[in-house]
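**Student:**
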Amino acid sequence: MSLENPLWGAPRLHGELLKLGFRLSQSTVSKYMIPRKGRPAQSWITFLRNHASAIAAIDMLTVRTFAFECLYAFVVLSHDRRRILRIEVTTHPTALWLASQVAQVLGAGSGVRVLVRDNDGAYGAAFRDQVRALGLDDRPTRPGSPWQNGHVERLIGSIRRECLDHQIIFNAAHLRRVLGAYAAYYNDDRTHLALAKDAPETRAVEAHGRIVSRRVLGGLHRRYFRIRSK
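What the sequence shown shows, in the UniProt record's numbering, is residues 1 to 230, in sequence order.
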């Protein structure tokens, strides 16, 4: 019990033991509990779950065009409802450009307090200064630990598998349109296991009417809904 609950002191442990029918003194619990310095700290996963409503994560993915030009897509994801807050495209992701993107989406009123990111060299001094100016708690992941930014890493995998692997991108404007359409589908239509099979922007249950569908990304995906018969 002491190992599993590193934040609990002797009174809390003693109370739990009393509820389990053990009759012993609190001083005995204090004597045998593992010292705080020997107990594991809160895990990274626990931290993310406890602060989901105030966490945003960012990352970048590279995309090759038809002419082999390298483009960069910058993604901002809310942990709370897995909503894509922003996708923007550039050919040169400088620290100033990244700082501008963060300021536009995570400024005052966003509700975000913690920013999770990797250690990409593009997040330079100008970017870090902007994050501090916004009052965000900057949380870079440990080197070689992509799982610490798992939500956005999974999103990038979905973008590739469900969109970009089936598209030929011609230029930055084309990529921006494609990713914009995918983001709208992802937020409004696509159901997520982590959200009890709801969409980030909650979808109402439609029980009556004729079922029809709307094509998304040229028919790569579809949104199904009901319409009232006349």
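Note that the Cβ used here is the ideal one computed from N, Cα and C, for glycine as well.
Note that this is a predicted model, so its numbers are computed, not measured.
Could you give the residue range of the alpha helix (DSSP H) that holds Phe127?
**Tutor:** Ala125 to Ala133
**Student:** How big is the Cα-Cα spacing for Val29 and Arg49?
**Tutor:** 30 Å
**Student:** Please name the residue, chosen from Arg214, Cys70, Gly218 and Pro35, that lies closest to Phe170 on a Cα-to-Cα basis.
**Tutor:** Of the listed residues, the one whose Cα sits closest to Phe170 is Cys70.
**Student:** Is Arg177 helix, strand or coil by DSSP?
**Tutor:** helix
**Student:** Are the Cβ atoms of Glu206 and Arg226 separated by less than 7 Å?
**Tutor:** Contact flag set, yes.
**Student:** For His192, does the three-state DSSP call read helix, strand or coil?
**Tutor:** strand
**Student:** Should residue 289 and Leu115 be called a contact, given that it needs their Cβ atoms to be closer than 7 Å?
**Tutor:** As shown, the chain starts at 1 and ends at 230. That puts residue 289 outside it, with no answer to give.
**Student:** Which same chain residues, not among the five before or five after Val131, have their C-beta less than 7 Å away from its C-beta?
**Tutor:** If we look at Val131 and ignore the five residues flanking it on each side, its Cβ neighbours are Val102, Leu115 and Asp138.
**Student:** Can you tell me the Cα-Cα spacing of Thr90 and Tyr224, whole angstroms?
**Tutor:** Approximately 33 Å, taken between the alpha carbons.
**Student:** Can you list, in chain order, the residues of its chain whose CB lies under 7 Å from that of Leu164, leaving out five sequence neighbours each side?
**Tutor:** Residues Val63 of the same chain have their beta carbon placed closer than 7 Å to that of Leu164, with the five preceding and five following residues left out of the count.
**Student:** Counting beta carbon pairs with one atom in the stretch 148 to 161 and one in the stretch 72 to 85, are three or more of them shorter than 8 Å?
**Tutor:** These segments touch.
**Student:** Can you list, in chain order, the residues of its chain whose CB lies under 6 Å from that of Arg214, leaving out five sequence neighbours each side?
**Tutor:** If we look at Arg214 and ignore the five residues flanking it on each side, its Cβ neighbours are Arg223.
**Student:** Just curious, the beta strand (DSSP E) that Ile84 is in, first and last residue?
**Tutor:** Ile84 to Thr90
**Student:** Tell me whether the beta-carbon of Ala73 lies closer than 7 Å to the beta-carbon of Leu179.
**Tutor:** yes
**Student:** Please classify Phe68: is it buried, with 16 or more other beta-carbons within 10 angstroms of its beta-carbon, or exposed?
**Tutor:** Burial call: exposed.
**Student:** Would you mind working out which of Ile168, Gly121 and Leu134 sits nearest Pro140, comparing C-alpha positions?
**Tutor:** Gly121
**Student:** List the DSSP bridge partners of Asp138.
**Tutor:** In the DSSP assignment, the residues bridged to Asp138 are Leu115.
**Student:** Can the beta-carbon of His166 be found closer than 7 Å to that of Leu220?
**Tutor:** yes
**Student:** I'd like to confirm something about Cys163: is its beta-carbon nearer than 6 Å to some heavy atom of the ligand SAM, or not?
**Tutor:** Annotation note on the ligand SAM: not contained in the displayed structure, which lists no ligands.
**Student:** Locate the beta strand (DSSP E) running through His151, then write down its first and last residues.
**Tutor:** Element bounds for His151: not the beta strand (DSSP E) but the alpha helix (DSSP H), Gly150 to Glu162.
**Student:** Can you tell me whether Ala14 is buried or exposed? The criterion is at least 16 other CB atoms within 10 Å of its CB, across all chains shown.
**Tutor:** Just to set this straight, residue 14 is His in the shown sequence, not Ala. So His14 ends up on the buried side.
**Student:** Am I right that Ile159 and Leu61 are in contact with their C-beta atoms under 8 Å? What's the rounded C-beta distance?
**Tutor:** 7 Å
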